[in-house]
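Trainee: Okay, handing you the structure first.
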Amino acid sequence: MSRSSPASWIAVAFCGVLSMSTAWAASNTHHASALDADSAAATQNENTLEAVASFGDDFKLVGIGVSSSGRIFASAPSGGLNSGTSLVEVDPDTGKSTPYPNIEWNQFQSDAPGKHQWIAVQALWVDADDHLWTLDKSSPKLDAAQWPPKLVEFDLSTHKVVQEYTFENTITPKDSLNDVRVDLKHGYAYLTDAANQGGLVVLNLKTCKSRLVLAGDRSSVAESGQHLMFDSRIARRKDGKILVLQSDGIALSPDRKWVYYRPLTDHNYWRIPTTSLIDESLSSKELAASKQFLGTDVMSGGIEMDDDGVLYAGDLEKRTVVALTPVEKDDEPRLESTVLVKPHPELAWADGFAVHDGYLYIADSHLNEVAFSNGYPREGRFTIFRVKLLNRG
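So this is what it looks like as structure tokens:
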């Protein structure tokens, strides 16, 4: 079957893997945030957040994808089985949501295999062919042989599954796939691993083979001296442990030359050539040497890049969204920061992002209220916002 041809049946790939790890070398350099408060105030744009749709606590929003025609998809990896819908399509006019591709996929059945049902849909991505890629991270509570993490490609014109990919022997129950970008130019998908030693999963869409690379690399593991802070308090999990999340946000440059990525719980930003990621002849040391440090800026989960090569990130500590433009400074790549959205009382946790028709779409997941033990009250609704892109009139 051609991977561009729709099919009404599911082809599950049981992929062979090559696992690559590099030992993490601790850095003694603490990179201060590049976003100075005074200069930020001077560069704030008067861009207004528009609410597109909102959800109650039965749909804990995280991921978002928008098609070329403006169809909106949203995901909610609630973390609990039998807890309701995990993937919906949202009517942009009414805000009404419909389970996608149907209600059956969204109803967990313990006596059925995982390939026909959602467990915990974490992230979404719509590619240049208008195919929806859905990352289901599954659950460590389940048997990975029957309900493995999977990446499912849908043809939005037919609502049919084109291909389904799984990651046997690439990741373990200690890992947690977090976000995905699809590179049709080279025929690969790139995914972040937010747990364990972090890293990027590189998936060959033709052969269905995947590799975990940069695991344990300093670009994949959150710097130990930095922490996510809320009102001068370190963010902690429900069990009281300090929150540490490794490779989290990922973005793909419009020319498909670079993958941008970062751990969540530090301020560091990185990029690596796609040609390096797909070159299996490189040793782990050679691959790590090809990455580039881009400096420090806001602590963000999701990131996204528009067609002009501007990177967008949510400032989780200040309830803002910033635009980061790659530049060269002293012959080194860096990011030039501009505040796109001012501190906003209704924006709790800018998580998933998508770009469409001159707008940045933002999934506000309220994770600071539902996932941590810092005493934040549960306020507001899970909301999809949109805001005009930088320099877009």
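Numbering (mature numbering (1 follows the signal peptide of the UniProt record, and there is no 0)), first residue to last: -25 to -1, 1 to 368.
Think of the CB as a built atom: it goes at the ideal place given N, C-alpha and C, for glycine as much as any other residue.
What you are looking at is a predicted structure, and each value in this text was computed from that prediction instead of being measured.
Just verifying my parser: in three-state terms, what is the DSSP assignment at Ser2?
Mentor: For the purposes of this step, residue 2 is taken as residue 27 along the sequence shown, with counting starting at 1. Interpretation of Ser2 is limited by its pLDDT of 37, a score under 50 that renders its predicted location unreliable; the figure taken from the coordinates is listed afterwards. Coil at Ser2, not helix or strand.
Trainee: Just grab the DSSP bridge partners of Gln138 for me.
Mentor: The count along the sequence shown starts at 1 and reaches residue 138 at position 163. According to DSSP, Gln138 bridges with Glu128.
Trainee: Going by C-alpha to C-alpha distance, which of Pro248, Glu292, Tyr75 and Ala264 sits closest to Lys135?
Mentor: The residue labelled residue 135 in the question sits at position 160 within the sequence shown. Answer by Cα proximity: Tyr75.
Trainee: Opposite Asn179 in the DSSP bridges: which residues?
Mentor: Here residue 179 is taken as the residue at index 204 of the sequence shown, counted from 1. According to DSSP, which records beta bridges pairwise, Asn179 is partnered with Tyr163.
Trainee: For Glu64, which of Ala103, Gly284 and Asn77 has the nearest alpha-carbon?
Mentor: Counting from 1 along the sequence shown, the entry for residue 64 is found at position 89. Nearest of Ala103, Gly284 and Asn77 to Glu64, Cα basis: Asn77.
Trainee: Note the first and the last residue of the continuous beta strand (DSSP E) segment covering residue 369.
Mentor: Given that the chain is displayed from residue -25 to residue 368, the structure contains no residue 369 and the question cannot be resolved.
Trainee: Give me, in chain order, the residues of the same chain whose beta-carbon lies closer than 6 Å to that of Ile94; leave out the 5 immediate sequence neighbours on both sides.
Mentor: Within the sequence shown, numbered from 1, the residue matching residue 94 stands at position 119. Closer than 6 Å at the Cβ level, and outside the excluded window around Ile94, lie Asp111, Ser113, Ser114 and Trp122.
Trainee: Short of 6 Å in beta carbon distance, which residues of its chain neighbour Gln172, apart from the five on each side in sequence? Order them along the chain.
Mentor: One-based indexing of the sequence shown puts residue 172 at position 197. Within the same chain, Gln172 has close Cβ partners Ala190 and Gly191.
Trainee: With respect to the beta strand (DSSP E) encompassing Glu64, which residues constitute its N-terminal and C-terminal limits?
Mentor: Position 89 of the sequence shown, counting from 1, holds the residue named residue 64. Its beta strand (DSSP E) spans residues Leu62 to Val65.
Trainee: May I ask you to list the residues that DSSP assigns as paired with Gly38?
Mentor: Translated into the one-based positions of the sequence shown, residue 38 becomes position 63. Gly38 is bridged to Ser50.
Trainee: Excluding five sequence neighbours on each side, which residues of the same chain lie with their C-beta closer than 7 Å to the C-beta of Leu218?
Mentor: The sequence position of residue 218 within the sequence shown is 243, counting from 1. The residues are Leu203, Ala210, Arg211, Arg212, Thr240 and Phe347.
Trainee: Should Leu105 and Ser61 be called a contact, given that it needs their Cβ atoms to be closer than 7 Å?
Mentor: What you label residue 105 is simply residue 130 of the sequence shown in a count that begins at 1. What you label residue 61 is simply residue 86 of the sequence shown in a count that begins at 1. It should be pointed out that residue 105 corresponds to Asp in this sequence rather than to Leu. Result no, Cβ atoms of Asp105 and Ser61 do not sit closer than 7 Å.
Trainee: Of all the options Thr358, Ile337 and His242, which has the alpha carbon lying nearest to the alpha carbon of Phe328?
Mentor: Walking along the sequence shown from the start, residue 328 turns up at place 353. Comparing Cα-Cα distances from Phe328 to each of Thr358, Ile337 and His242, the minimum goes to Ile337.
Trainee: Along the chain, where does the alpha helix (DSSP H) containing Thr249 start, and where does it finish?
Mentor: Within the sequence shown, numbered from 1, the residue matching residue 249 stands at position 274. Segment Thr249 to Leu252, the alpha helix (DSSP H) holding Thr249.
Trainee: Measuring CA to CA, which of Arg353, Val27, Leu175 and Arg361 is closest to Asp223?
Mentor: In the sequence shown, the residue the question calls residue 223 occupies position 248. Checked all of Arg353, Val27, Leu175 and Arg361; the closest Cα to Asp223 is Leu175.
Trainee: Would you mind stating whether Val96 and Ile359 have Cβ atoms separated by less than 7 Å?
Mentor: Translated into positions along the sequence shown, residue 96 becomes position 121. Translated into positions along the sequence shown, residue 359 becomes position 384. Contact: no.
Trainee: Quick one: Cα of Gln138 to Cα of Val127, how far?
Mentor: Stepping through the sequence shown from its first residue, residue 138 is reached at position 163. Stepping through the sequence shown from its first residue, residue 127 is reached at position 152. Cα-Cα distance, rounded: 6 Å.
Trainee: From Tyr165 to Leu117, what does the alpha carbon distance come to, in whole angstroms?
Mentor: Stepping through the sequence shown from its first residue, residue 165 is reached at position 190. Stepping through the sequence shown from its first residue, residue 117 is reached at position 142. Tyr165 and Leu117: Cα-Cα distance of roughly 24 Å.
Trainee: Is the beta carbon of Pro229 sitting closer than 7 Å to the one on Gly162?
Mentor: Locating residue 229 in the sequence shown gives position 254, counting from the first residue. Locating residue 162 in the sequence shown gives position 187, counting from the first residue. No.
Trainee: Using 10 angstroms around the beta-carbon of Asp154, count the other beta-carbons present and answer buried if the total reaches 16, otherwise exposed.
Mentor: Start at 1 with the first residue of the sequence shown, and residue 154 comes out as number 179. Burial call: buried.
Trainee: What is the DSSP secondary structure of Leu365, counted as helix, strand or coil?
Mentor: Looking up residue 365 in the sequence shown gives position 390. Residue state, collapsed to three classes: coil.
Trainee: Quick check: Leu159 and Ala98, are their CB atoms within less than 7 Å of each other?
Mentor: Stepping through the sequence shown from its first residue, residue 159 is reached at position 184. Stepping through the sequence shown from its first residue, residue 98 is reached at position 123. Not in contact: Leu159 and Ala98 (Cβ atoms no closer than 7 Å).
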